[in-house]
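Just so you know, we're using UniProt numbering here: the sequence shown kicks off at 1 and counts up by one. Scroll down for the structure; my scribbles are underneath it.
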Amino acid sequence: MVQRHHLNEGEKGSIIGSIKRGNKRYEYPSRVWSRFLSNESVDRQPGQGRPRATIASEERFLSMSAQRNCEVTARDLVLELHPTTATRISSSAAARRLNKVGLYARKPMACVPFTPASRGARLN
């Protein structure tokens, strides 16, 4: 399978320029040329790409749930979101959505509390 990579503006311009000059080589991406022919530009149109899994109301639900209970983790938010809206997202996606509105999901930490003996041994 051919590996694809995104072309920067300079590469796109050089492809279009060389095709206009008559150099039709097989390695030039046909997508760039067809995009140039259709709208006289090599820029991507807005709205292209993978569609979002959540809508605005579900993102508001995530942020309001996180504000109501600040001790909740991103995983807990996902488990709360699925039964109410039937939307499945990953916990990292939920953390990104919260980060976008200025909230941060708590990361659960497993730590053993110190006993007085272990605390004394650590300090000595």
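All C-beta atoms, glycine included, are put in the ideal place defined by N, C-alpha and C.
query, result
"Leaving out the 5 sequence neighbours to the left and right, which residues in its chain are closer than 8 Å to Ser92 when beta-carbon positions are compared?", "Ala74"
"Answer yes if the segment 5-24 comes into contact with the segment 50-69, meaning at least three C-beta pairs across the two stretches below 8 Å, and no otherwise.", "no"
"Is Ser55 buried or exposed, if buried means 16 or more other CB atoms sit within 10 Å of its CB?", "The amino acid at residue 55 is misidentified as Ser; the sequence shows Ile. So Ile55 counts as exposed."
"By alpha-carbon positions, which one of Leu79, Leu62 and Ala121 ends up nearest to Val101?", "Leu62"
"Under a three-way DSSP split, which group does Thr85 fall into?", "helix"
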